[in-house]
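First residue of the sequence shown? That's 0 in numbering that gives the first Met the number 0, and the numbers climb one at a time after it.
Written out below as structure tokens is the structure these notes cover.
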Amino acid sequence: MIQIKFYETNKPYGCFSNFSKHPIELDNKRWATVEHYFQAMKFANTSFEEEIRLLRTPMEAAIAGRDRNKPLRKDWEEMKEAIMRRAIAAKCEQHESVRDILVSTGNCLLIEHTKNDSFWGDGGDGSGQNKLGQMLMEIRSELPGYSGVFYPPLPYMDDDAGKEAYLIEQQSWFMSISKEAQEEYSRYFITSKLLHP
């Protein structure tokens with residue numbers, strides 16, 4: 000299965016990061032990023048919720064959310080995955096470009112690749128649970144237009160048989176996805192591989 004690893008917002012498929020600059024509307028409020036919402040919900044219905052919502056960057060929100068001097072809600076461990084899923088679903092619903100890019104990944108395995116997190120990410124070495132990647136794949140399968148189809152560049156294919164037919168099908172598929180999805184695909188599978196073979 001083809002893997003797509005993401006983490007930094009300025010790299011290919013960075014729109015899947017919770018730090019990406021895609022504001023969401025939830026609970027009649029505007030949240031600058033998914034990270035702002037997720038961290039604030041640790042302190043729902045307290046003054047800390049609004050304090051985190053108004054922070055300037057997602058990194059500031061992440062730091063504030065990890066402050067154990069604040070009273071973490073009692074049901075956090077039971078609720079955190081549902082809260083994350085709600086925020087990611089809102090991001091996909093409210094941002095067509097993110098939705099189109101997610102759908103365009105077809106049946107690829109999505110991996111939040113970072114040594115900084117072994118629950119939401121892969122732990123940097125594949126030993127982590129990759130919950131964020133799993134959640135994105137679950138949401139992807141429920142989005143309109145999702146078919147599970149994906150055509151990697153030819154060098155990813157194992158045999159040369161049917162190369163010409165494959166290229167025709169790949170080109171047809173590529174032209175059917177959004178411009179933003181084409182750009183992410185090209186940056187990840189072509190440009191980055193040329194720079195870092």
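C-beta: ideal position from N, C-alpha, C; glycine also.
Since the structure is predicted, the reported quantities are computational estimates derived from the model, not experimental observations.
- The DSSP-derived three-state label of arginine 67 is coil.
- Exposure of leucine 53 is indicated by the presence of fewer than 16 other C-beta atoms within 10 angstroms of its C-beta.
- In the assembly as shown, arginine 65 is an exposed residue. Its beta-carbon has fewer than 16 other beta-carbons within 10 Å.
- Distances from the CA of arginine 85 to each of Glu163, Phe149, Leu135 and Phe18 were compared; the closest alpha carbon is that of Leu135.
- When DSSP states are grouped into helix, strand and coil, isoleucine 23 belongs to the strand group.
- Valine 97 sits buried, since 16 or more C-beta atoms from the chains shown fall within 10 Å of its C-beta.
- In the three-state reduction of the DSSP assignment, glutamine 133 falls in the helix class, which pools H, G and I.
- When the beta-carbon positions are compared, isoleucine 1 and tyrosine 12 stay at least 7 Å from each other.
- In terms of CA proximity to serine 19, Tyr36 leads the group Tyr184, Ser103, Tyr36 and Arg67.
- Two segments are said to touch when three or more pairs of C-beta atoms, one from each, lie closer than 8 Å; by this definition the stretch 177 to 192 touches the stretch 97 to 109.
- Around the beta carbon of threonine 113, 16 or more other beta carbons lie within 10 angstroms, which makes this residue buried.
- Cβ contact annotation for serine 16 (same chain, cutoff 8 Å, sequence separation greater than five): Phe5, Tyr6, Glu7, Thr8 and Glu111, in chain order.
- Annotation note: the stretch 9 to 62 contains the following uninterrupted beta strand (DSSP E) runs of length 3 or greater, listed N- to C-terminal: 23 to 25 and 28 to 30.
- The C-alpha of proline 22 lies about 18 Å from the C-alpha of glutamate 179.
- Put simply, the backbone Cα of alanine 61 is about 22 Å away from that of leucine 109.
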